[in-house]
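**Student:** The working numbering puts the sequence shown at residues 1118 to 1368. Have a look at this one before I ask anything.
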Amino acid sequence: MAYKPLSIAATDEIAFGEDDHTKEGEAAIETSAEATHTRCGSSSVRNANKNVYGLAFCFFTNSCAYLGLQNIQSSINMDAGLGLVSLAVLYVGYMASAICTVGIVKSVGSRYTVILGLVGYLVYMVLNYYPSWYTLIPGSLAAGFGTGPIWIAGNCHVIAIAERMAPILKERKEVLIAKYLGVLYLAYQLSTPPGNIASSLIFLFTEDYGNSSNVTTAGCGLLRSFSIEPVYFYVLVSLYVFIQTERLRPW
C-alpha cells in the first residue's frame, strides 16, 4: 500500500515539472518571436527609408541636370526658334506619356519604370551635344515620354512603401503617404537653384554678355542672342550627362 501513494506523488511531481518546462518553453518562444519581430521591423524601416530617400535623391540629381539644361534652351538654340519648339515638343510627349505609363508599370514595376524614364532624359542630354532639328526634336520627345513614367511610377512606389510600413510603424496610412511624398517633392523643388546656377555660369564666358547693343525688342519681350564658347557648353552638358548616368543605377 505504501508503493501506490509514492507512485502517485512521483507522478504528480513529474507532471508538475513538465508544466514548468512547458511554460518556460512557451515564454522562451514568445521572447524569441518578439526579438525576431523587432529585428524584422527595424530592417523593414531601414529598407523603406533607403528606398524613399534614395528615390528622392534620384529626383534631385535628375531635375538638377534636366531643368538646368531645359531652362536655357530658348537662349542657346535660337536658330528658327529651335529651343522653343523643342520645349513644346517635350511637353507634348509628357502629356502623351501619361496615357501609356499604366501599362509600363504593370509590365516592369514602378522601380524599373522610373529607370526607363531616366533613360529618356539621358537621350535628351546626349543629343544636346549637337543641337539641330534632327537631333533635338527626337531628344525632346524622348525626355517627354520619360517624364510621365518618372512622376507616376515614383509616386506609386512611395505610396506602396507607405502602405506597407504603416502597420509596422503604427501610423495612419494617410500620414505616412503625406510624409514620404513630401520628401519626394521637397527634393524636386530643391533641385531648381543648383541646376539654374550651373547653367547660368556659362553666360559669364560669352563674348557679348551684358552688351546692350545685342538686346532687341522685336516681337514679344526681349530677344538676346548669345555667342557661347562651345567648350563651356560641352563641359556643362558632359556634367549633366555624368549625373544622369550615375542615377541609372537602382536606388
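Positions of the beta carbon are idealized from the N, C-alpha and C atoms, including for glycine.
Can you tell which of ARG1163, TYR1208, GLN1190, ASN1272 has its C-alpha closest to the C-alpha of TYR1297?
**Tutor:** Restricting attention to ARG1163, TYR1208, GLN1190, ASN1272, the CA atom closest to the CA of TYR1297 is found in ASN1272.
**Student:** Determine whether the beta carbon atoms of VAL1243 and LEU1233 lie at a separation below 9 Å.
**Tutor:** no
**Student:** Compute the Euclidean distance between the alpha carbons of SER1161 and ALA1213, then round it to the nearest angstrom.
**Tutor:** Here the alpha carbon of SER1161 sits roughly 36 Å from the alpha carbon of ALA1213.
**Student:** Going straight from the alpha carbon of VAL1352 to that of SER1316, what length do you get?
**Tutor:** 11 Å
**Student:** Leaving out the 5 sequence neighbours to the left and right, which residues in its chain are closer than 7 Å to GLY1237 when beta-carbon positions are compared?
**Tutor:** ALA1259, ALA1260, PHE1262, GLY1263
**Student:** Ignore the nearest five residues each way along the sequence and tell me which others in LEU1201's own chain have a CB closer than 7 Å to its CB.
**Tutor:** SER1191
**Student:** Measuring straight from C-alpha to C-alpha, what distance separates LYS1167 and ILE1285?
**Tutor:** If you draw a straight line from the Cα of LYS1167 to the Cα of ILE1285, it comes to about 16 Å.
**Student:** According to DSSP, is SER1192 part of a helix, a strand, or is it coil?
**Tutor:** helix
**Student:** Following the continuous alpha helix (DSSP H) through TRP1268, name the residue where it begins and the one where it ends.
**Tutor:** 1253 to 1286
**Student:** Does the separation of the CB atoms of GLY1210 and TYR1357 fall below 9 Å?
**Tutor:** no
**Student:** Between VAL1358 and the ligand ADP, is the CB less than 8 Å from at least one heavy atom?
**Tutor:** The model depicted lacks the ligand ADP and carries no ligand whatsoever.
**Student:** Considering only C-alpha positions, which residue in the set VAL1206, HIS1274, LYS1290 is nearest to THR1410?
**Tutor:** Outside the shown range of the chain (1118 to 1368) lies residue 1410, about which nothing can therefore be said.
**Student:** From the DSSP output, in three-state form, read off GLU1247 for me.
**Tutor:** The sequence as given places Tyr at residue 1247; Glu does not occur at that position. In the structure shown, TYR1247 sits in coil (DSSP, three-state: anything other than H, G, I, E or B).
**Student:** Considering only residues of the same chain and omitting the five flanking positions on each side of LEU1172, which have a CB-CB separation below 8 Å?
**Tutor:** VAL1231, GLY1271, HIS1274, VAL1275, LEU1301, TRP1368
**Student:** Going by C-alpha distance, which of THR1362, GLN1361, ILE1360, LEU1318 is nearest VAL1348?
**Tutor:** LEU1318
**Student:** Could you pull the start and end residues of the alpha helix (DSSP H) that SER1317 belongs to?
**Tutor:** 1309 to 1317
**Student:** Taking buried to mean at least 16 other C-beta atoms within 10 Å of its own C-beta, is CYS1217 buried or exposed?
**Tutor:** Per the 10 Å Cβ criterion, exposed.
**Student:** In this structure, does DSSP put ARG1289 in helix, strand or coil?
**Tutor:** Coil, per DSSP.
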